[in-house]
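Novice:
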Amino acid sequence: MDLGLRADLILNGKRIQISIECINKNAKSEVEALFAKQNLDIKDILKAYIKKAQEYAELEDKLRNLTNQLEQI
Numbered sequence: 026m027d028l029g030l031r032a033d034l035i036l037n038g039k040r041i042q043i044s045i046e047c048i049n050k051n052a053k054s055e056v057e058a059l060f061a062k063q064n065l066d067i068k069d070i071l072k073a074y075i076k077k078a079q080e081y082a083e084l085e086d087k088l089r090n091l092t093n094q095l096e097q098i
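According to our numbering, the residues represented by the sequence shown are 26 to 98, in order.
1) Going by the beta-carbon positions, is the gap between Leu30 and Ile41 smaller than 7 Å?
2) Can at least three beta-carbon pairs, one atom from the stretch 54 to 66 and one from the stretch 78 to 91, be found at a separation below 8 Å?
3) Give me the Cβ distance between Ile35 and Gln63, rounded to the nearest whole Å; I'm assuming they're in contact under 8 Å.
4) Quick one: which unbroken alpha helix (DSSP H) runs of 4-plus residues sit fully inside the stretch 36 to 81? Chain order, please.
5) Leaving aside the five residues before and after Asp66 along the sequence, list all residues of the same chain whose C-beta is less than 8 Å from its C-beta, in chain order.
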């Protein structure tokens, strides 16, 4: 099973090739959807990064709270 990501994208008019090995299949789908845009703007990538960083932080908080609850049992 190959979970690597090999993609070509156009960013601000420049063609860029990216290769990421062992990427999670859900992450791969999201990245491919973002890269499917014909001409990405750097702002699109920055917004996607900030959104995922926020989601990650919220998930980490929930996990920390769950861990604390389990420790109290």
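Here a beta-carbon is modelled for each residue, glycine too, at the ideal position from N, C-alpha and C. Keep in mind it's a predicted model, so treat the numbers as computed, not measured.
Specialist: Judging by the given coordinates:
1) no
2) No, the stretch 54 to 66 is not in contact with the stretch 78 to 91.
3) 7 Å
4) 50 to 60
5) Taking Asp66 as the centre and dropping the five residues before and after it, the same chain places the C-beta of Leu36, Asn37 closer than 8 Å to its C-beta, in chain order.
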